[in-house]
Structures are given as structure tokens and as C-alpha cells.
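Before any comments, here is the structure.
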Amino acid sequence: MTLRSHLTRRGSRYYFRQRVPTDLTDRLGVKEIRKSLQSSSPQEAARRVIAVSALHADFFERIRAMTDETEIEKQEDVLQQSVRVLLLQNRVLRIGKAEVDENFDAYRKTYALVTKDEKNRAVSPKLAAAVSAFLETFIVEKGGQWDESAHRHNINYIKLFLKIVGDKPLNAYTRQDVLKCVRTLECVHKNYGKSSKDAGLDVDEVLRFSEDKESMNITTLTKHFRCVKSLFTAANHHLDSEVNVEKLFGGIRFRDNVPKAKERKPWSVDDLNRLFATPIWKGTKAQKPSLRYQKGRRIIRDAYWWLPIIAIFTGMRLEEIAQLQCGDLKQTKDGIAYIEVAEGEGKRLKTDSSTRAVPVHPTLVDLGFTALFQGSNAEDRIFPELTGGGPQGKFGYQYSQDFTVYRRQTGLYEDLRDFHSFRHTFATHLRRAIKDILMVGEIVGHETQQIETQTYTHPTVTDRYAAICKLDYVAEGLEIGHLFPRSAS
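Under this note's numbering, the residues of the sequence shown are numbered 66 to 554, in order.
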């Protein structure tokens, strides 16, 4: 079940909904759990459902290992309190200036009572006995900061750390433990955690399985390291511990032989010309999307035709395009069409910086792109043929699989050059055209952490449109005349 099916709406309010695993229904006495997310905002509800779902996933995992009914009831109480704390934290932290009146005292007092209970529970001898006991509180603290993918990865990072050096009290860890973890991680194969079988392997088995396989790269190892350090920092604060986290983690470096992350290769203009000369854009005989590499005379202007074209003219990620809804196309007072990339019901983004306005390039308008948004309902997706798939229920999942096969069948496959490479192509050509890396970052949704908000004014849609209009693939040799509707050619 994906997070999309965990989110439901009744009237104007959003709710978390999840079926209880069949092996636990008798023990818990219910088949489904439903809780109010205390929000009528689709964006806020989407953030909250991730954290609430994480709490329930960990709860189910703990219950499976228990036989004592009394202990199960205690865990249910802990779960209820954790959800309560999570929602109250979000409510207090997101209160607007206009609401800071006499009601704020009530918010503050209630928040203090609940967090005091949470803190007392965290420092009890039973829960403070091991770092893993703080994991649930850590998830609550992170709240909606993690998307679904980040949550899954970060929990795996922490569990692997505990598997390597053991689960023990915070003040029992030494710098040698951290070094042992780092040196062990350097030997673990890069696909660890992708198989459900990995959770049942001990460290020796993981290392044996990792022999003669490519190890994790520096980017992945750094994420492991930062996540565990973040857990220790948070636990240190909540448990009133005096553990010197910097002394444990500071100054530790990965070895020089750790592989660097391999960068994707962009599609050159010549590569794009070869791509758009293949059956999907020149003529296919197959209606079935996965067989579109077969030559024929049919041009089917569905998602498989549009996705690469949209990507090279917007720089949007695959899932951002695949989940587009009719209501996502907006227009300024000056008549400039733009795509509002934002979270909402049935939509998710990779990071906070992914929220942005992307002007529609004139070439896309001429190709008929804006007509795709003329549905009767704002929530209707412009590519309904793309259905959720894969472990995260992504709309672009099956397309990604088929696009890999398509590139192989048409002789265009090359390592590190995939759909995401279109994004690199867009960024490279736009940067070359406007010589403004900050503007490029604003359009593609990259973080600009090095720029202080006080000294950097975010560009308007009009500014972005002026920039994106300077992107001229045709002047650089792109041959796309055959892509235009016949009436416009």
C-alpha cells in the first residue's frame, strides 16, 4: 500500500487511513486504522501522512515480536501519544502571525504538557536503555521533513548502524564504534537495503555477500553518516545526555578508495536527434507502450510521446511530469502560461525546493502541450494511462522500465544516460544561454543554500519566462519539425 492510499479526505478534512496487516487483525481487533490529520490543506496533509505512516509501520513491526497482550496495549498507547505529539508539533510550529493572540497561550500550554510526557517517556530507564528506543521519537521530531523515499533510506541507515556496532545506551558508544561502522560501510555493496532479505542478514553475511561487488559511493556513505549523527544529536538533546557528539563523529573521513558517485551523462543534440528519429516519433506499429520500438506508421501522442519532450523544455523530473494534473497549468495576468509544481492530493515532490513555477516554453505551446490540461476536473491527470507502480507507487515507474527497454531496442542505450539525463541537458543548455546559474536553479528546483535569502530575490514568473525563451535547441541543430501538428507545420 502506498502513501497515496493512506491519505483520504472527508469533507474539507484529511485523514490517515491504513489497513491493518492480516496477520495482526486478530491481535489488534481492527481491520483498518483511521486518524484525522487535523488539516484541510492537501500539501500539509501530504507531509503529515508520511510521518504518521512511519509511526504505524514501526508499531506493526514491534507488535509482531510481542506475545504479552499488556505490552501490546502499552505500545498502542505509545503510538497514540506519538501521533498526538506529531500533529501538535505541526500545529504549533506552523501557526501564522495573524493567529498569535490569546489562543497562543492555550497552544503553548498544551504543547508543553504533551512534549513533557513524551520527554518523560523517553528518559525512562526502559526506553533510554538503547538508542533504538529513541527511533520513534526521532521520526516524530522529523515530522514532514522526510519524503517517503528519505524515510525509508534513513531508517535503513540507522538499522544498519545498529547492526554493525550494536544497540546500546547513548553514552556507551565510543569513537571506535563510529570508526568501525564507517570502515564496515565502506565494504558494503551498493544495493544493500533494496531487498527485503537484507534485514535478516547479520554483518558477516552482508560482507560476504558484498565480496566482488561494487561498494557504496561517497554520496551514499555520507548520507549514512549524517543520518546517524543526526539521530545522536537529537537523542542527546531529548535524553538530557552529556555525550559529546562532535567528539564521536567529528573529523572522521572516508578512505580515498571509496568510489565517487557517477554523474549522469546529458543527452547531446545529436543524441536527441537520434532519439526523435525512432519509432515513437517517426512511426510505430504497436499500440502497446512497451512495444513502441517496433517500426510502423502510427504516431500515438500519449505520455510515451510527450515525456522526453516536456523534460528537455522544462527540466522537470520524471515523476513531476507523470503526476501532472489539469489544475497545474496556471497563467499570469500578462498571459504567461506556467506549470505550478507543488504537492497536493495524489502528488509528491522530492524536496522542499522542488516547489516552483516553470514557464511553458513557446515550443511546447506550438506542439500542443497546453491542450493536455483541458480536462473537466482540476484533479484529473493529463496522463491517466500512467498508473502507480513499484514499491513507492510512482506514476512514472512503468514508463521508466519501458524507456530502458526502448533505448536498448533502438540502439540508444548508454550507461548513465537515462530519462533523468534530460534534466541535465536542459540545465546545461539553459545555463549556456542565460549565464545565470541561480536562475537555472530556480527553474529546475535546485537548492541555493549558499545564497542568503536577504541578498537574493526570487525571480518572478515573467523573469523565468524571459530566461527560458532564450533556450533554443533548434539553433543548436535539434531537428523537431516532424513533431509539430500538421496544421501548424
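Just so you know, even glycine gets a beta-carbon here, dropped at the ideal spot from N, CA and C.
In this text the structure is predicted, and so the values were computed from the model without any measurement.
Are there 16 or more other CB atoms within 10 angstroms of the CB of residue i, so buried, or fewer, so exposed?
i      : result
Ala264 : exposed
Ile502 : exposed
Val55  : Lying before the first or after the last residue shown, residue 55 is absent from the chain, which here runs from 66 to 554.
Pro550 : exposed
Val526 : buried
Lys24  : Residue 24 cannot be examined here, being either before or after the span of the chain that is shown, 66 to 554.
Gln83  : buried
Ser486 : buried
Arg482 : buried
Ala111 : buried
Glu544 : exposed
Ser104 : buried
Tyr238 : buried
His523 : exposed
Thr469 : exposed
Thr452 : exposed
Asn256 : exposed
Gly315 : exposed
Lys207 : buried
Leu536 : buried
Asn309 : exposed
Thr87  : exposed
Glu201 : buried
Leu244 : exposed
Gly461 : buried
Would you mind giving the Cβ-Cβ distance between residue i and residue j, rounded to the nearest angstrom? I have them listed as a contact below 8 Å.
i      : j      : result
Arg363 : Lys347 : With a Cβ gap of about 10 Å, Arg363 and Lys347 do not count as contacting.
Asp445 : Pro354 : 20 Å between Cβ atoms; not a contact.
Ile401 : Tyr530 : 5 Å
Ala443 : Gln390 : 6 Å
Tyr222 : His289 : 5 Å
Met381 : Val423 : 6 Å
Arg320 : Glu251 : 6 Å
Thr397 : Val406 : About 16 Å; that fails the 8 Å criterion.
Phe434 : Ser465 : The Cβ separation is near 21 Å, so there is no contact.
Val85  : Ile98  : 6 Å
Phe203 : Ala299 : 5 Å
DSSP on residue i, reduced to helix/strand/coil?
i      : result
Val253 : coil
Gln103 : coil
Val406 : strand
Glu444 : coil
Val165 : With a pLDDT of only 36 at Val165, under 50, the local geometry of the prediction cannot be trusted, and the value read off the model is given with reservation. Correct three-state label for Val165: coil.
Glu270 : helix
Lys228 : helix
Glu97  : strand
Pro424 : strand
Lys398 : coil
Lys207 : helix
Gly222 : The identity of residue 222 in the sequence shown is Tyr, whereas the question assumes Gly. Of the three classes helix, strand and coil, the one that applies to Tyr222 here is helix, per DSSP.
Tyr80  : strand
Gln390 : strand
Leu543 : coil
Lys48  : Because the chain in this structure spans residues 66 to 554, residue 48 falls outside the shown range and cannot be described.
Thr73  : strand
Lys259 : coil
Identify which residue in the options has its Cα closest to the Cα of residue i.
i      : options                        : result
Leu72  : Tyr358, Asp88, Thr428, Leu102  : Leu102
Gly392 : Glu408, Lys398, Glu384, Met381 : Glu408
Met281 : Thr379, Ser260, Val268, Val323 : Val323
Leu372 : Gln352, Leu340, Gly542, His547 : Leu340
His426 : Asp528, Phe448, Thr87, Arg473  : Asp528
Gly510 : Glu385, Tyr462, Ile499, Lys500 : Glu385
Ile345 : Asp335, Lys312, Ala111, Tyr358 : Tyr358
Thr475 : Lys395, Lys360, Gly461, Ala540 : Lys360
Thr90  : Leu383, Val114, Ile128         : Ile128
Glu450 : Val505, Lys395, Arg472, Ala387 : Ala387
Arg217 : Val247, Lys259, Arg320, Val205 : Lys259
Phe491 : Asp480, Tyr478, Ile508, Glu479 : Ile508
Lys325 : Leu225, Leu337, Val334, Ile283 : Ile283
Trp332 : Asp267, Tyr80, Tyr538          : Tyr538
Gly546 : Gly315, Thr452, Leu429         : Leu429
Ile447 : Lys294, Asp367, Glu541         : Asp367
Arg473 : Ile404, Thr343, Cys246, Cys534 : Thr343
His489 : Tyr462, Leu337, Pro234         : Leu337
Leu313 : Leu235, Asp267, Thr287, Leu383 : Leu235
Arg248 : Gly440, Thr202, Ile317         : Ile317
Glu541 : Ala498, Ala532, Ile533, Val268 : Ala498
Ser77  : Ser106, Lys245, Val310, Phe274 : Ser106
Ala198 : Lys233, Ile533, Lys228, Ala215 : Lys233
Val95  : Leu548, Arg74, Phe125          : Phe125
Q.
Ignoring anything shorter than 4 residues, give me the alpha helix (DSSP H) runs that lie fully in the segment 284-353, in order along the chain.
A. 310-314, 334-340, 344-347
(Q) For a minimum of 3 consecutive residues, which ranges assigned as the beta strand (DSSP E) are wholly contained in the segment 431-480? (A) none
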